[in-house]
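Accompanying notes for the structure given below.
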Amino acid sequence: MFTQGSWLNIAEIEINVLARQCRARRIPDRDTMVSEVAAWQTRRNADK
Numbered sequence: 388m389f390t391q392g393s394w395l396n397i398a399e400i401e402i403n404v405l406a407r408q409c410r411a412r413r414i415p416d417r418d419t420m421v422s423e424v425a426a427w428q429t430r431r432n433a434d435k
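This is how it looks when you write it as structure tokens:
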């Protein structure tokens, strides 16, 4: 069972992972960003 703060820690870790992976390039527009984040989220959830 997760403690109250642990879901926040997990969310912060995931956001940091996403940020590091995107830092090396520019994402040109919002639609591309939404698409890229959705693909990233699908891969991360599949990997558990």
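When you read off a place in the sequence shown, starting at 1, and then add 387, the result is the number in this note's numbering. For each residue, glycine too, the CB sits at the ideal point set by N, CA and C. This structure is a prediction, so every number in the text was calculated from the model and none was measured.
Notebook entry, point to check: Terminal residues of the continuous alpha helix (DSSP H) containing A411?
Noted result: Start at 1 with the first residue of the sequence shown, and residue 411 comes out as number 24. Unbroken run through A411: none, as it is neither H nor E.
Checklist line | Alpha-carbon to alpha-carbon, A433 and M420 | finding: Locating residue 420 in the sequence shown gives position 33, counting from the first residue. Locating residue 433 in the sequence shown gives position 46, counting from the first residue. Looking at the two C-alpha atoms, the distance is approximately 20 Å.
Next item on the list: Please report how far the alpha carbon of I406 lies from the alpha carbon of L395, in whole angstroms.
Entry: For the purposes of this step, residue 406 is taken as residue 19 along the sequence shown, with counting starting at 1. For the purposes of this step, residue 395 is taken as residue 8 along the sequence shown, with counting starting at 1. According to the sequence shown, residue 406 is Ala rather than Ile. For A406 and L395, the distance between alpha carbons rounds to 16 Å.
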